[in-house]
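S.K.:
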Amino acid sequence: MSTAGAGLLYGGLAFAAGMVLGPARELLLAPRIGAVPAALVEAAAMAPLLRVAARIALARLSAPVAGGQR
Numbered sequence: 170m171s172t173a174g175a176g177l178l179y180g181g182l183a184f185a186a187g188m189v190l191g192p193a194r195e196l197l198l199a200p201r202i203g204a205v206p207a208a209l210v211e212a213a214a215m216a217p218l219l220r221v222a223a224r225i226a227l228a229r230l231s232a233p234v235a236g237g238q239r
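Structural data, given as structure tokens:
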């Protein structure tokens, strides 16, 4: 369950980050700079957050970093 649990935790953290940044993008940035530039700003903000979320998920659930043998 560690790999599946890490995936679920990562997905939840990514969803939470999107829930915070999405409305901020639509309500604050999009009217001022347009839809596409606002989406690019959000993507630039999400990238490091997703990296941190992945590290948290792997550290919290001790999921293997590398894939095993098939």
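Adding 169 to a residue's 1-based position in the sequence shown gives its number in the numbering used here. A virtual CB, placed ideally from N, CA and C, is assigned to each residue, including glycine. These numbers come from a predicted model, not from an experiment.
(1) Can you tell which of 223, 187, 224 has its C-alpha closest to the C-alpha of residue 210?
(2) Just the Cα atoms here: how many angstroms apart are residue 196 and residue 205?
(3) Once DSSP output is grouped into helix, strand and coil, what is the label at residue 180?
(4) Please state if the CB of residue 198 and the CB of residue 214 are separated by a distance shorter than 8 Å.
(5) Would residue 182 and residue 222 be called neighbours here (beta carbons separated by less than 8 Å)?
(6) What number of angstroms, rounded off, separates the C-alpha of residue 170 from the C-alpha of residue 218?
M.R.: Considering the structure as presented:
(1) In the sequence shown, residue 210 corresponds to position 41, counting from 1. Of the listed residues, the one whose Cα sits closest to residue 210 is 187.
(2) The residue given as residue 196 occupies position 27 in the sequence shown. The residue given as residue 205 occupies position 36 in the sequence shown. Distance between residue 196 and residue 205, taken at the CA atoms: about 14 Å.
(3) Counted from its first residue, the sequence shown places residue 180 at position 11. DSSP places residue 180 in helix when its eight states are reduced to three.
(4) For the purposes of this step, residue 214 is taken as residue 45 along the sequence shown, with counting starting at 1. For the purposes of this step, residue 198 is taken as residue 29 along the sequence shown, with counting starting at 1. No; because the gap between Cβ atoms is not below 8 Å, this pair is not in contact.
(5) Along the sequence shown, one-based indexing puts residue 182 at 13. Along the sequence shown, one-based indexing puts residue 222 at 53. Contact flag set, yes.
(6) Against the sequence shown, residue 170 aligns to sequence position 1. Against the sequence shown, residue 218 aligns to sequence position 49. Any answer about residue 170 is weak, because its pLDDT of 46 lies below 50 and its placement is not dependable; what the coordinates show is given next. Taking the straight line joining both Cα atoms gives about 24 Å.
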